[in-house]
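To start, the structure under review is shown below, and the notes come after it.
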Amino acid sequence: MANTPYNLDRESSSLCSTGLRPHILTGVILWLIRRHFLEERTIQHPDLKGYIWDPDPRVSKILIEPVWRWLTLRIQQRPGVVVKRNSLRPRQLALGDGQTVIGTPDASSIPAGNGASAAVAMTGSHTLFVIAGKEAQVELLGAEIVSRLIQYQQAIQKEFLFSRFRVAEIGAVSKLEESTENFAIPISVAYAYVDSWSIWAEAPFLKRLIVEASPNEG
Numbered sequence: 001m002a003n004t005p006y007n008l009d010r011e012s013s014s015l016c017s018t019g020l021r022p023h024i025l026t027g028v029i030l031w032l033i034r035r036h037f038l039e040e041r042t043i044q045h046p047d048l049k050g051y052i053w054d055p056d057p058r059v060s061k062i063l064i065e066p067v068w069r070w071l072t073l074r075i076q077q078r079p080g081v082v083v084k085r086n087s088l089r090p091r092q093l094a095l096g097d098g099q100t101v102i103g104t105p106d107a108s109s110i111p112a113g114n115g116a117s118a119a120v121a122m123t124g125s126h127t128l129f130v131i132a133g134k135e136a137q138v139e140l141l142g143a144e145i146v147s148r149l150i151q152y153q154q155a156i157q158k159e160f161l162f163s164r165f166r167v168a169e170i171g172a173v174s175k176l177e178e179s180t181e182n183f184a185i186p187i188s189v190a191y192a193y194v195d196s197w198s199i200w201a202e203a204p205f206l207k208r209l210i211v212e213a214s215p216n217e218g
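Counting from 1, one number per residue, gives the positions in the sequence shown under the numbering used here.
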């Protein structure tokens, strides 16, 4: 099967200033899957060429939505991908060969005009629930998504500032609990990134403290 070129170019991002916040992480996953199904040329399997995503869910041939929005939409026999964020786990790091323990520094220890750098490692995952009306259909759709995520995991890791990004698990096919007519496959995507920041003191901590002596009475 020919390897279709896949363009990860995107508009100017605010990731450098905002970092990978939870809602942004969900947006990144949604963007990746929607981008893949935006054009027929990027879809690998010939039986899936007609599954073109459109921002208007009324005309889209495949629904790709966060879990909270999925609950308000009807699948209507269309295939879909539901994206759900799982828990995030912070882990403290050390910089300067262990001389500076990373975490939230005490502002009182920062001299005026100097900054203290800090960072925390975050690990987490998203689950993509691939849904279709037939078991063979959901297998094809799941394999298409897994293939693209694996093929481009290095590019995704670089573009979106992850320190690690990978497909962690591909679940078994099962009947969708909310429907007797649809099958689902859960695909877990795991990632890690570093959230860093600096704290700058405008003035020494005690400079704002005013102490007045009261004269003794009698």
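For every residue, glycine included, the Cβ atom is placed at its ideal position computed from N, Cα and C.
Thinking just about the alpha-carbon of each residue, which of the options is nearest to the one in residue i?
i: Leu20; options: Phe160, Glu39, Leu63 and Ala155; result: Phe160
i: Ile187; options: His45, Ile29, Arg41 and Pro46; result: Ile29
i: Ile24; options: Pro46, Arg85, Val138 and Gly50; result: Arg85
i: Asp56; options: Arg91, Pro46, Lys49 and Leu38; result: Leu38
i: Trp68; options: Glu144, Glu169, Thr26 and Gly50; result: Thr26
i: Glu181; options: Gln137, Glu144, Arg35 and Pro90; result: Gln137
Spatial neighbours of residue i within its chain, please: CB distance less than 6 Å, with the 5 preceding and 5 following residues excluded, ordered by chain position.
i: Glu11; result: Summary for Glu11: the model assigns pLDDT 47, below 50, so the residue's position carries little reliability; its value from the coordinates is reported in the next sentence. Result list for Glu11: empty, nothing under 6 Å.
i: Leu88; result: Met122 and Gly124
i: Gln157; result: Phe165
i: Ala192; result: Thr123, Ser163 and Arg164
i: Glu169; result: Ser188
Might you give, ordered along the chain, the residues of its own chain that have their beta carbon closer than 7 Å to the beta carbon of residue i, omitting 5 neighbours on each side?
i: Leu149; result: Val167 and Val189
i: Ser147; result: Gln44
i: Gln153; result: Phe165 and Arg166
Which residues does DSSP list as the beta-bridge partners of residue i?
i: Ile131; result: Gly80 and Ala184
i: Ser125; result: Ala190
i: Ile64; result: Val81
i: Phe165; result: Tyr191
Using C-beta distances below 8 Å, list every residue in its chain close to residue i, excluding the 5 sequence neighbours before and after it, in chain order.
i: Glu135; result: Val173 and Phe183
i: Leu93; result: Ile102, Ala119, Val120, Ala121 and Val194
i: Glu65; result: Leu30, Pro57, Leu73, Gly80, Val81, Val82 and Val83
Roughly how far, in whole angstroms, is the beta-carbon of residue i from the beta-carbon of residue j, given that I think they are within contact range, below 8 Å?
i: Ile43; j: Trp53; result: Actually they do not touch by this definition, with Cβ atoms about 10 Å apart.
i: Ser117; j: Ser196; result: 7 Å
i: Leu141; j: Leu48; result: 7 Å
*Any chance the stretch 77 to 87 sits against the stretch 131 to 150, with 3 or more Cβ pairs inside 8 Å?*
Touching, yes, given that three or more Cβ pairs across the two stretches are closer than 8 Å.
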